[in-house]
Amino acid sequence: MKIAVCVKQVPDPEARLRVGADGAWIDEEGVAFVLNESDEYAVEEALRIAERTGGEVIAFGLGPERTREALRKVLALGASRAVLLSDPALLGGDALATGRALAAAIRQEGADLVLTGSASSDLGYAATGSVIAGELGWPHAWLVMGVELAEDRRSVRITREMEGGMNELSAVVLPAVIQVQAGINHPRYASLKGIMAAKKKEIREVAAAELGVDAGRLGRAGSRLETVSVALPVSGREVEWIAGDAAAVAAALVTKLEQEAKVLR
Amino acid sequence: MNGPVWAVVQQKDGRLQRSGRETIAAAQALARELGTSAEAVLLGDGLAAAGEELKGMALAGARVVEHPRLATYTPGGYVAALVPLVREERPAYVLFPHTYQTVDFMARLAQALDAGLLPEAIAFRRVDGEVRWTRPVLGGKLHAQVRTVGEGTVLVSLQSGAFPADGVEAGSAPLRQVAAAVDGVDLQREVRGFESAGGGAVDLSKAEVIVAVGRGVGGQEKLAPVEELARLLGGELAASRPVVDSGWLPRERQVGSSGQTVAPKLYLALGISGAIQHLVGMKGATAVVAINKDASAPIFKIATWGVAGDLHEIVPALNQALKERAGGA
């Protein structure tokens with residue numbers, strides 16, 4: 434099977450963020466970028482399916498030039514090739530514009546199955562995979578916690594998370610797009626051998642003009658959403674800060690728990 | 567004149583879902599702001615009782631889209647049922663509750679309609695004649711103000727709790743049965759059944775004190791002081807999603823949109839940044855103590871008491887103080 438996996442590079446969830454000079458996004462200076470968390474699980478799931486079926490995994494990344502690092506990581510984990518969509522004309526789009534570009538690139542490669550993460554931890558639209566499916570005319574499933582390929586390889590059985598601690602058990606006909614939820618598996622670490630091998634693997638760059646999609650439907654130009662500004666959330670109630678060394682903080686907390694929260698007996 | 571604002575809602579056990587009532591409250595507020603009408607679309611099967619409920623709300627219309635093929639959610643069925651309605655009536659906005667189900671099909675609906683797609687809004691306001699939406703980004707660390715550009719309907723999903731359900735304006739709504747065009751359409755998914763995700767064994771909803779850990783705890787081997795703290799407080803241990811995904815604590819102790827919803831007297835959030843998916847599960851707590859190295863973490867926005875520091879230093883000190891108090895009492 435030929436499996437496409439789409440990945441995004443996002444700010445490290447542990448990073449401290451500052452609003453950038455334009456007020457419309459973060460200041461990326463000094464911020465570490467990592468592979469988006471649920472994408473890591475999608476990559477692992479793709480590799481496992483490829484290993485079971487004797488197939489190959491092709492990684493797709495859309496984003497600025499630094500996305501190359503994320504693709505290199507996926508290659509080190511075992512993908513055979515990668516496609517980088519870093520053309521400025523493809524950047525800054527909403528989920529619809531981004532999904533269109535990725536779908537066009539995947540169509541050119543051909544795939545039996547597309548895996549993505551369930552959501553990016555930065556913009557969090559949780560929609561790019563569904564859009565890819567819609568563009569390709571394939572079924573999709575979002576928030577998938579289990580994937581099992583049918584013996585005839587014409588469908589996948591999926592376990593899909595619902596609210597309230599329930600799962601949906603369903604089947605989706607291939608080709609399809611599966612949007613993987615974090616926690617579905619235990620992602621592997623790249624081996625030294627894998628890291629060395631990745632250096633020789635191909636990362637093919639595809640320009641916007643090569644996608645066969647109207648330029649007005651891609652990137653910022655094709656986006657229906659425009660971020661005007663970002664800011665720290667406004668608090669509903671003011672937090673009461675407790676400062677000092679650990680012993681002082683502990684003593685103050687005990688007083689709060691005893692006298693105000695009234696949870697100590 | 568703007569097109570109407572629609573709220574797409576569903577029923578559960580014969581009642582409108584709370585998230586649906588929240589969506590209607592938001593549609594009414596947005597329609598007032600835009601000087602247009604609010605309408606509802608009720609989707610599913612066996613909708614008589616929920617339809618009655620809609621009749622008592624201030625809506626210019628309530629469409630009931632009922633079909634046995636809509637009894638169980640499928641993306642193909644829901645998209646097929648909604649596309650002709652939206653195409654014909656051209657609402658300016660279609661609002662949905664931001665549930666897992668909505669996320670699963672909303673993007674497909676937007677594509678089918680060539681509509682705008684704005685997931686997970688938590689507020690809107692009118693600025694210079696246009697609507698600005700607020701949505702959390704970067705795990706809730708920042709809020710983005712977003713506007714829509716271009717022509718045509720915009721689909722918006724609304725985060726749970728952002729528009730309180732008790733804000734629904736009472737009135738009367740004419741009910742109209744609308745045919746659902748779902749006979750013979752590809753449902754895109756064969757739903758075979760449902761199962762518990764294995765979260766039922768521990769009921770955190772009754773706990774008076776919950777000691778919850780997040781990614782910031784750093785590893786399973788570092789949990790011992792936290793477990794001791796939970797014991798000393800007579801509380802339950804809980805976790806945010808990344809902790810469960812990493813296997814440090816079992817899924818049955820997960821709090822948040824994909825785990826349990828809790829409302830203890832005291833919630834201690836240790837090394838939890840406070841992504842919205844976690845906050846929706848614990849914002850009902852009476853008091854929240856948050857300990858996190860990052861003073862700008864969103865958890866502090868809902869905390870009663872905040873400590874910007876290292877939980878690995880503070881928790882042992884807190885354990886010590888609690889033991890001394892118990893010993894001295």
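These protein sequences, in sequence, are chains H and U.
According to the working numbering, the first sequence is numbered sequentially starting from 434.
According to the working numbering, the second sequence is numbered sequentially starting from 567.
Backbone N, C-alpha and C fix where the C-beta goes; we use that ideal spot for every residue, glycine too.
Suppose you measure from the CA of Gly737 (chain U) to the CA of Val607 (chain U); what does that come to, to the nearest Å?
16 Å
Under the three-state reduction of DSSP, which class applies to Ser603 (chain U): helix, strand or coil?
coil
Does Asp527 (chain H) have its Cβ less than 8 Å from a Cβ in chain U?
yes
Where does Ala676 (chain U) sit, in a helix, a strand or coil, going by DSSP?
helix
What residues in its chain sit with their C-beta under 8 Å from that of Phe466 (chain H), if we drop five residues either side in the sequence?
Gln442, Val443, Pro444, Asp445, Arg499, Glu502 and Ala503
Whole alpha helix (DSSP H) elements within the stretch 552-591 of chain H, 4-residue minimum:
561-569
Extent of the continuous beta strand (DSSP E) to which Gln442 (chain H) belongs
Gln442 to Pro444
Would you say Asn469 (chain H) faces chain U, with C-beta separation under 8 Å as the test?
no
Measuring CA to CA, which of H:Glu484, H:Glu462 and H:Asn469 is closest to Leu582 (chain H)?
H:Glu484
Quick test of the definition: if touching needs 3 or more C-beta pairs under 8 Å, does the stretch 723-733 of chain U touch the stretch 587-602 of chain U?
yes
Could you tell me whether any Cβ in chain H is nearer than 8 Å to the Cβ of Phe690 (chain U)?
no
For Tyr622 (chain H), the three-state DSSP class (helix, strand or coil):
coil
What's the call for Gly840 (chain U), buried or exposed, on a 16-neighbour Cβ count within 10 Å?
buried
Is the number of C-beta pairs between the stretch 867-884 of chain U and the stretch 812-821 of chain U that are closer than 8 Å three or more?
no
Got a sec: which bits of the stretch 782-800 of chain U sit with their beta carbon under 9 Å from any beta carbon on chain H, in order along the chain?
Gly782, Leu799 and Gly800
Under a three-way DSSP split, which group does Gly800 (chain U) fall into?
coil
Alpha carbons only, please: which of U:Asn858, U:Ala593 and U:Val854 is nearest the one belonging to Gly837 (chain U)?
U:Asn858
I'd like to know whether the C-beta of Pro864 (chain U) is nearer than 8 Å to at least one C-beta of chain H.
yes
For a minimum of 3 consecutive residues, which ranges assigned as the beta strand (DSSP E) are wholly contained in the stretch 641-678 of chain U?
659-663
Using 8 Å for Cβ pairs, my map puts Leu480 (chain H) next to Gly511 (chain H). What's the rounded Cβ distance?
5 Å
May I ask you to list, following chain order, the residues of the stretch 544-562 of chain H that have a beta carbon less than 7 Å from some beta carbon of chain U?
Ser554, Asp555, Leu556, Gly557, Tyr558, Ala559 and Ala560
When the Cα atoms are used, what is the spatial distance from Glu696 (chain U) to Ser762 (chain U)?
44 Å
Chain U contact residues for Arg657 (chain H), given Cβ-Cβ distances below 9 Å
Ala676, Ala681, Gly682, Leu683, Leu684, Thr714, Val715, Gly716, Gly718 and Val720
Beta-carbon separation of Ile611 (chain H) and Leu546 (chain H) under 8 Å?
yes
Distance, Cα to Cα, Pro608 (chain H) vs Met848 (chain U)?
39 Å
Nonlocal neighbours in the same chain, by C-beta distance under 7 Å from Leu795 (chain U), ignoring five residues either side
Val777, Val881, Leu884 and Asn885
Sufficient close CB pairs (3 or more, under 8 Å) joining the stretch 453-462 of chain H to the stretch 655-668 of chain H
yes
Which residues of chain H have a Cβ atom closer than 7 Å to the Cβ of Ile880 (chain U), listed in chain order?
Ala679, Val682 and Ala683
List, in chain order, every chain U residue whose beta-carbon is nearer than 7 Å to that of Leu665 (chain H).
Leu708 and Ser862
Going by DSSP in three states, Ser662 (chain H) sits in which element: helix, strand or coil?
strand
Check each candidate in U:Val792, U:Val693 and U:Asp680 and name the one with the smallest Cα separation from Gly716 (chain U).
U:Asp680
Exposed or buried, Gly562 (chain H), counting other C-beta atoms within 10 Å across all chains shown (16 or more means buried)?
buried
For Arg621 (chain H), decide whether its Cβ has a neighbour in chain U, counting only Cβ atoms nearer than 8 Å.
no
Taking a cut of 9 Å between CB atoms, which residues from the stretch 584-600 of chain H lie near chain U?
Ser588, Arg590, Ile591, Thr592, Arg593, Glu594, Met595, Glu596, Gly597, Gly598, Met599 and Asn600
Who are the neighbours of Leu636 (chain U) on chain H, taking C-beta pairs under 8 Å?
Residues of chain H passing the Cβ test: none, with the nearest at roughly 15 Å.
Go to Glu470 (chain H), then tell me how far its alpha helix (DSSP H) extends in each direction, as first and last residue.
Glu470 to Thr486
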